[in-house]
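Engineer: Chains as they are written, first to last, in our numbering: chain A, 11 to 590; chain B, 21 to 383.
1. Would the beta-carbon of residue 421 of chain A fall within 9 Å of that of residue 271 of chain A?
2. How would you label residue 237 of chain B, buried or exposed, when you count the other beta carbons within 10 angstroms and need 16 or more for buried?
3. Per DSSP, which residues does residue 296 of chain B bridge with? Please list them.
4. Beta-carbon of residue 376 of chain B versus every beta-carbon of chain A: anything under 9 Å?
5. At the level of alpha carbons, what is the spacing between residue 159 of chain A and residue 326 of chain B?
6. Under 9 Å, do residue 592 of chain A and residue 53 of chain A count as touching if we go by C-beta distance?
7. Answer with yes or no whether the minimum CB distance from residue 100 of chain B to chain A is below 9 Å.
8. Compare the C-beta of residue 370 of chain B against all C-beta atoms of chain A and say whether one is closer than 9 Å.
9. Distance check for residue 492 of chain A and residue 37 of chain A, CA to CA, integer angstroms please.
10. On the criterion of 16 or more Cβ atoms from any shown chain inside 10 Å, does residue 394 of chain A qualify as buried, or is it exposed?
11. Return no unless some Cβ of chain B is closer than 9 Å to the Cβ of residue 224 of chain A.
12. So which residues of chain B does residue 146 of chain A contact, with C-beta pairs closer than 8 Å?
13. Following the continuous beta strand (DSSP E) through residue 12 of chain B, name the residue where it begins and the one where it ends.
14. What does a CB cutoff of less than 8 Å around residue 363 of chain B pick up in its chain, not counting 5 residues either side in sequence?
15. Return the first residue and the last residue of the beta strand (DSSP E) that residue 426 of chain A is part of.
16. Are residue 183 of chain A and residue 236 of chain A close, meaning C-beta to C-beta below 9 Å?
17. Quick check: the Cα distance between residue 176 of chain A and residue 291 of chain B, rounded to an integer number of angstroms?
18. For residue 282 of chain B, count neighbouring Cβ atoms within 10 angstroms of its own Cβ and tell me buried if that reaches 16, exposed if not.
19. Would you say residue 387 of chain B lies against chain A (beta-carbon separation less than 9 Å)?
20. Any contact of the region 199-206 of chain B with the region 261-271 of chain B, i.e. 3+ C-beta pairs under 8 Å?
21. Does DSSP put residue 79 of chain A in a helix, in a strand, or in coil?
22. Are the region 540-551 of chain A and the region 331-343 of chain A touching, with three or more C-beta to C-beta distances below 8 Å?
23. Kindly indicate which three-state DSSP category residue 186 of chain B falls into: helix, strand or coil?
24. In terms of alpha-carbon separation, which member of A:430, A:95, A:553 lies closest to residue 62 of chain A?
25. Would you kindly check if the distance between the Cβ of residue 86 of chain B and the Cβ of residue 328 of chain B is under 9 Å?
26. According to the Cβ coordinates, are residue 226 of chain A and residue 282 of chain A closer than 9 Å?
27. Please classify residue 480 of chain A: does DSSP put it in a helix, a strand, or coil?
28. Per the DSSP calculation, residue 44 of chain A is bridged to which residue(s)?
29. To the nearest angstrom, how far is the alpha carbon of residue 265 of chain B from that of residue 166 of chain B?
30. Which of helix, strand or coil does DSSP assign to residue 348 of chain A?
31. Tell me which same chain residues have a C-beta within less than 6 Å of the C-beta of residue 162 of chain B, skipping the five on either side of it?
32. Would a check of beta-carbon distances place residue 516 of chain A closer than 9 Å to chain B?
33. Within 10 Å of its beta-carbon, does residue 284 of chain A have 16 or more other beta-carbons around it, so buried, or fewer, so exposed?
34. If you draw a straight line from the C-alpha of residue 336 of chain A to the C-alpha of residue 248 of chain A, how long is it?
35. Go to residue 201 of chain B, then tell me how far its beta strand (DSSP E) extends in each direction, as first and last residue.
36. Considering only DSSP beta bridges, list what residue 246 of chain B is partnered with.
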């Protein structure tokens with residue numbers, strides 16, 4: 011079965027052998043054209059095609075009926091409002107929390123920075139419903155802290171709980187973005203302001219903050235679309251707070267109403283895409299160049315208590331909550347029923363490791379490892395093309411690249427099922443065989459890798475764009491006038507300059523792949539089991555202990571990868587390749 | 021030169037890795053070796069190759085079932101655990117090229133709905149002769165392998181807190197003291213929950229308006245609709261709600277797993293039940309093995325596995341063992357459950373529930 015795929019894909023294997031691609035005669039334009047063509051084709055296959063197919067279904071007569079009733083029906087209007095409300099709240103809170111954590115990390119002087127950094131990364135390395143289940147255990151209606159310790163009767167189900175859990179789950183996205191940006195800000199600007207007599211607060215509001223606008227806007231966008239598209243948490247603790255994602259999911263999984271699901275998702279696309287467009291328009295006018303290629307000093311760390319105490323205090327509260335959530339996950343995996351029957355047991359780990367769990371663990375890690383470098387590099391490449399190379403089409407490419415994230419995972423998943431469960435035939439010719447579903451080649455594993463890439467490249471792309479927008483175009487031009495073609499410039503000049511963004515892109519790509527759920531539930535196959543969908547099964551069935559065990563194992567895998575990646579990035583041989 | 025090499029590198033690495041690693045992924049075995057129970061090598065089910073099952077009971081039961089069938093038949097058995105509504109949806113999504121061979125478990129109405137949608141095909145197993153007529157479709161669209169009875173799974177502590185007795189009737193669930201203290205699954209995804217909806221239909225003399233009036237009132241007391249049918253039992257066990265409406269055998273399972281404060285009650289008006297069925301997926305990749313699998317599920321070999329993994333549904337084969345933990349059918353008032361009618365109305369009723377009941381605001 012694999013024969014059909016291997017010749018095509020295996021041909022370019024072996025980076026050391028000469029390229030099988032046709033030689034380009036001359037000129038950077040041809041290099042650029044080739045790059046753009048390859049990137050566009052990849053994007054078309056991993057996001058374009060599934061979306062076109064699902065839009066066709068959504069706009070079919072059956073789907074359109076639902077879309078149009080959406081605006082007249084008060085129930086549906088409320089679902090839409092719920093979704094937007096949740097998205098805005100989480101985006102604002104999450105960005106604020108991420109900023110506080112990043113600012114403390116980069117600018118404040120205190121002990122235990124590394125630890126705070128690791129804690130801030132924790133939520134990114136686990137499936138969001140780890141936080142949800144831990145939150146129910148701790149702060150739920152019969153929660154250990156809320157009820158048994160404090161005697162409170164908190165109703166965590168609904169908007170409050172969702173905002174709490176989503177903020178705690180997603181703030182690391184904004185933390186990583188803003189930390190990278192804060193680090194790349196030129197401290198000489200601060201010094202200049204300081205020399206001119208500005209106070210710390212003045213520097214913060216009139217120098218630091220304006221420079222961070224692209225990063226803040228980017229975080230807001232990412233958090234907004236992630237929270238409105240999030241499926242796991244509304245399923246676990248939505249209560250009667252229905253959002254579009256869970257509504258679309260129900261339509262598809264429960265009523266096998268693909269048209270209905272597509273229709274609800276189409277409505278979900280409207281707020282997601284409008285925020286994206288607003289952000290683009292707004293940010294493009296607030297561009298600030300700060301990386302000039304000229305040497306810069308290292309920033310002076312802030313010791314003033316007026317800034318330190320409130321910021322560190324907030325950071326510690328957040329860190330405390332994160333630690334509490336993950337302590338719950340880890341502890342909960344070793345007791346029978348956390349909060350009800352706290353006897354020690356290994357049965358949850360046995361359940362996970364003895365059968366399907368170990369299988370899913372291996373497959374998921376492998377597929378995520380395949381997807382990570384593709385997503386990381388593709389994200390940077392798109393960012394670079396968008397910022398420095400493309401002119402009229404840059405908006406389009408940025409837009410298409412982001413679709414993997416701005417389109418709800420549910421839609422991507424169903425789109426994949428519709429588009430790739432059967433061989434792709436265009437113009438009477440079969441382009442590739444079925445890649446999704448249990449009867450597809452490689453047991454559907456290829457579609458899963460494609461989804462991983464589609465879902466995780468946007469974060470790299472955003473980080474890359476945010477970083478590149480701060481780089482003076484003169485650097486690129488200098489490389490070009492010295493005779494380097496587009497690709498060489500990208501590899502030798504741009505990539506090293508945006509290494510923090512690439513690192514964050516890769517880290518996020520792996521974590522994202524390991525933890526993505528909503529598209530995966532539609533395309534896992536009996537042969538290719540994915541951890542997140544196994545965890546959802548456990549959470550949904552209420553077997554929190556098993557879910558905790560799964561989550562703990564998943565966290566260990568992702569943390570190990572991040573550790574190794576950070577080590578590798580420091581290693582001279584890798585720096586060498588990029589710096590040579 | 022360095023130019024072409026570098027571009028080749030960029031393209032080659034991801035593509036090559038995809039091919040290599042994805043190839044590895046498929047070669048890795050879908051192992052399933054946990055506790056397998058007794059097996060008798062009844063020659064007829066022996067076979068080669070594989071069979072892929074869409075499995076709707078609890079994960080442990082699916083695992084034990086797959087392991088036992090692999091051991092008994094030599095046919096490699098893999099499964100995906102899904103709620104039954106979800107399972108049918110999944111079959112529908114891959115209709116043109118099915119990935120599953122068997123739909124295993126879940127109320128027979130779901131199988132009827134799937135048959136009407138052209139997703140499964142009739143198969144009259146020779147072993148079905150043993151199964152009482154009330155537990156199988158006469159045309160072999162589906163055959164029952166277990167029976168489960170709907171009940172109330174209540175947390176005694178939470179009941180005391182709310183100041184109510186364990187519910188003894190459907191009407192009891194509407195007690196304002198139970199506001200946001202009831203959990204039930206969503207009838208779209210869960211066969212369990214649809215069984216409850218159909219039970220209300222029967223109790224209300226097939227009057228849709230009356231049924232939805234009840235469901236609307238119940239909605240005021242429901243904390244959350246879960247995806248899978250058994251989840252409300254866990255929510256009750258953890259004290260998130262006072263009462264979960266689930267199949268009683270799941271409540272017994274949770275009690276055994278350490279939720280000591282759970283108790284099972286049944287509604288006095290009459291309660292619904294499921295005939296957990298098996299059926300053959302139309303055009304599945306391993307049609308022969310699917311039939312062998314179904315033959316096997318109707319034998320005591322298969323039906324005695326449940327109790328070993330804490331699943332206490334009543335077996336349909338009279339030769340299979342009945343344990344003390346199972347519900348005594350003659351002690352409970354059951355409604356007249358017509359699964360064909362239920363299956364035919366399923367899509368319309370769940371769609372109506374989804375549009376009118378589930379998203380409605382609570383006072």
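We treat Cβ as the ideally placed atom computed from N, Cα and C, and that holds for glycine.
Structural biologist: Once the coordinates are examined:
1. For the purposes of this step, residue 421 of chain A is taken as the residue at position 411 of the first chain. For the purposes of this step, residue 271 of chain A is taken as the residue at position 261 of the first chain. Contact flag set, yes.
2. Here residue 237 of chain B refers to the residue found at position 217 of the second chain. Exposed, by the Cβ-count rule.
3. Your numbering for residue 296 of chain B matches position 276 in the second chain. Partner(s): B:127, B:166.
4. Numbered from its first residue, the second chain carries residue 376 of chain B at position 356. For residue 376 of chain B, the nearest CB of chain A lies under 9 Å from its own CB, placing it at the interface with that chain.
5. The count along the first chain starts at 1 and reaches residue 159 of chain A at position 149. The count along the second chain starts at 1 and reaches residue 326 of chain B at position 306. Computed Cα separation, rounded: 39 Å.
6. With chain A represented from 11 up to 590, any question about residue 592 of chain A goes unanswered, as that position is not in the structure.
7. If you number the second chain from 1, residue 100 of chain B lands on position 80. So, interface residue.
8. As a working note, residue 370 of chain B is residue 350 in the second chain. Residue 370 of chain B counts as touching chain A.
9. Within the first chain, numbered from 1, the residue matching residue 37 of chain A stands at position 27. Within the first chain, numbered from 1, the residue matching residue 492 of chain A stands at position 482. With a pLDDT of 48 at residue 37 of chain A, under the threshold of 50, the predicted position of this residue should be treated as unreliable, though the coordinate-derived value follows. Going by the C-alpha atoms only, they are around 13 Å apart.
10. On the first chain, position 384 is the one that residue 394 of chain A refers to. Answer is buried; the Cβ neighbour count reaches 16.
11. As a position in the first chain, residue 224 of chain A is number 214, starting the count at 1. So no, residue 224 of chain A is outside the interface.
12. Start at 1 with the first residue of the first chain, and residue 146 of chain A comes out as number 136. The contacting residues are 258, 260.
13. In the structure as shown, chain B begins at 21 and stops at 383. Residue 12 of chain B is therefore absent and cannot be evaluated.
14. The residue given as residue 363 of chain B occupies position 343 in the second chain. Counting only residues of its own chain and dropping the five nearest sequence neighbours on each side, residue 363 of chain B has a CB closer than 8 Å to the CB of 128, 129, 130, 131, 132, 133, 135, 136.
15. Taking the first chain and counting its residues from 1, one reaches residue 426 of chain A at position 416. Run containing residue 426 of chain A: none in the beta strand (DSSP E); it sits in the alpha helix (DSSP H), 419-430.
16. As a first step, residue 183 of chain A must be located in the first chain, where it is residue number 173. As a first step, residue 236 of chain A must be located in the first chain, where it is residue number 226. A contact, by the Cβ cut-off of 9 Å.
17. On the first chain, position 166 is the one that residue 176 of chain A refers to. On the second chain, position 271 is the one that residue 291 of chain B refers to. In a straight line, the C-alpha of residue 176 of chain A is about 39 Å away from that of residue 291 of chain B.
18. As a position in the second chain, residue 282 of chain B is number 262, starting the count at 1. It is buried - the Cβ of residue 282 of chain B has at least 16 other Cβ atoms within 10 Å.
19. With chain B covering 21 to 383 only, the question about residue 387 of chain B has no answer from this structure.
20. Remark: three or more beta-carbon pairs, one from each stretch, lie closer than 8 Å, so the region 199-206 of chain B and the region 261-271 of chain B are flagged as touching.
21. Stepping through the first chain from its first residue, residue 79 of chain A is reached at position 69. Shown here, residue 79 of chain A sits in a helix according to DSSP, grouped into three states.
22. Touching, no.
23. Numbered from its first residue, the second chain carries residue 186 of chain B at position 166. When secondary structure is reduced to three states using DSSP, residue 186 of chain B falls in the coil class, being assigned neither helix nor strand.
24. Residue 62 of chain A sits at position 52 when you count from the first residue of the first chain. Ranking A:430, A:95, A:553 by CA distance to the CA of residue 62 of chain A puts A:430 first.
25. On the second chain, residue 328 of chain B is found 308 positions in, with the first residue counted as 1. On the second chain, residue 86 of chain B is found 66 positions in, with the first residue counted as 1. If you check the CB distance, residue 328 of chain B and residue 86 of chain B do not come in under 9 Å.
26. For this step, residue 226 of chain A is matched to residue 216 along the first chain. For this step, residue 282 of chain A is matched to residue 272 along the first chain. Here residue 226 of chain A is not near residue 282 of chain A, since their CB atoms are 9 Å or more apart.
27. The count along the first chain starts at 1 and reaches residue 480 of chain A at position 470. If DSSP states are grouped into helix, strand and coil, residue 480 of chain A belongs with coil.
28. Indexing the first chain from 1 puts residue 44 of chain A at position 34. Bridge partners of residue 44 of chain A: none, in fact.
29. In the second chain, residue 265 of chain B corresponds to position 245, counting from 1. In the second chain, residue 166 of chain B corresponds to position 146, counting from 1. Each residue's Cα considered, the two are about 19 Å apart.
30. Walking along the first chain from the start, residue 348 of chain A turns up at place 338. Note: residue 348 of chain A maps to coil in three-state DSSP.
31. Indexing the second chain from 1 puts residue 162 of chain B at position 142. Excluding positions up to five away in sequence, the list reads 128, 131, 297, 299.
32. Looking up residue 516 of chain A in the first chain gives position 506. Under the Cβ distance rule, residue 516 of chain A does not count among the residues neighbouring chain B, no pair being separated by less than 9 Å.
33. Indexing the first chain from 1 puts residue 284 of chain A at position 274. Exposed, by the Cβ-count rule.
34. Taking the first residue of the first chain as 1, we reach residue 336 of chain A at position 326. Taking the first residue of the first chain as 1, we reach residue 248 of chain A at position 238. In a straight line, the C-alpha of residue 336 of chain A is about 21 Å away from that of residue 248 of chain A.
35. Position 181 of the second chain, counted from the start, is the residue given in the question as residue 201 of chain B. Segment: none, residue 201 of chain B is in no beta strand (DSSP E) and carries neither H nor E.
36. What you label residue 246 of chain B is simply residue 226 of the second chain in a count that begins at 1. Beta-bridge analysis with DSSP links residue 246 of chain B to B:205.
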